[in-house]
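Here is the structure we will look at, set down as C-alpha cells.
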C-alpha cells in the first residue's frame, strides 16, 4: 500500500508579498518560485515532518531542490528567512498550520 501526504496550496500564494520578495531576492520567475516552494514543502513533509530544517544545511536542501549552479546554495536559508518562508529557528513558517 502506498501512502501519500499532501499540503494545502492557496491561490493567494501567486500574488502574496512574501512570494514577490522571494522572487526579488532570487531572480527566479514566478512559476519557478512557486514550484521550488512546493518541492521544498513536499520534501519537508517527508524528511522534516515538524517543519524543522535545522538538521540539514542550506546547501543540502538547495541540492535537493536542484537549484542551478549559479545559485549560492549556502545562502538559501538566509534568503528564505528574509522572505519570511523560514523562521529564524529554521522552521518552515506556520508549518503546523498548513501541513
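Residue numbers (the numbering used here): 15 to 113. A virtual CB, placed ideally from N, CA and C, is assigned to each residue, including glycine. The structure presented is a predicted model; accordingly, all values stated were derived computationally and were not measured.
C-alpha gap between residue 71 and residue 31, whole angstroms: In the chain shown, the residue the question calls residue 71 occupies position 57. In the chain shown, the residue the question calls residue 31 occupies position 17. Whole-angstrom Cα-Cα distance: 26 Å.
Range covered by the alpha helix (DSSP H) that runs through residue 49: Counting from one through the chain shown, the residue named residue 49 turns up at place 35. First-last of the alpha helix (DSSP H) with residue 49: 44-61.
Three-state class that DSSP yields for residue 100 in the structure shown: Your numbering for residue 100 matches position 86 in the chain shown. Three-state DSSP puts residue 100 in a strand.
Closest Cα partner of residue 48 within the set 92, 81 and 33: The residue labelled residue 48 in the question sits at position 34 within the chain shown. Measuring from the Cα of residue 48, the nearest candidate turns out to be 33.
C-beta contact flag for residue 36 and residue 97 at 8 Å: Working through the chain shown from its first residue, we reach residue 36 at position 22. Working through the chain shown from its first residue, we reach residue 97 at position 83. Yes, they are a contact pair.
Contact set for residue 44: own chain, Cβ-Cβ below 8 Å, skip 5 residues either direction: Residue mapping note: residue 44 aligns to position 30 of the chain shown, counting from 1. Sequence-distant partners of residue 44 (beyond 5 residues in either direction) whose C-beta falls short of 8 Å from its own C-beta, in its chain, are 28, 33 and 37.
Cβ neighbour criterion (16 or more within 10 Å) applied to residue 40: Residue mapping note: residue 40 aligns to position 26 of the chain shown, counting from 1. Burial state of residue 40 is buried, judged by a 10 Å Cβ sphere holding 16 or more other Cβ atoms.
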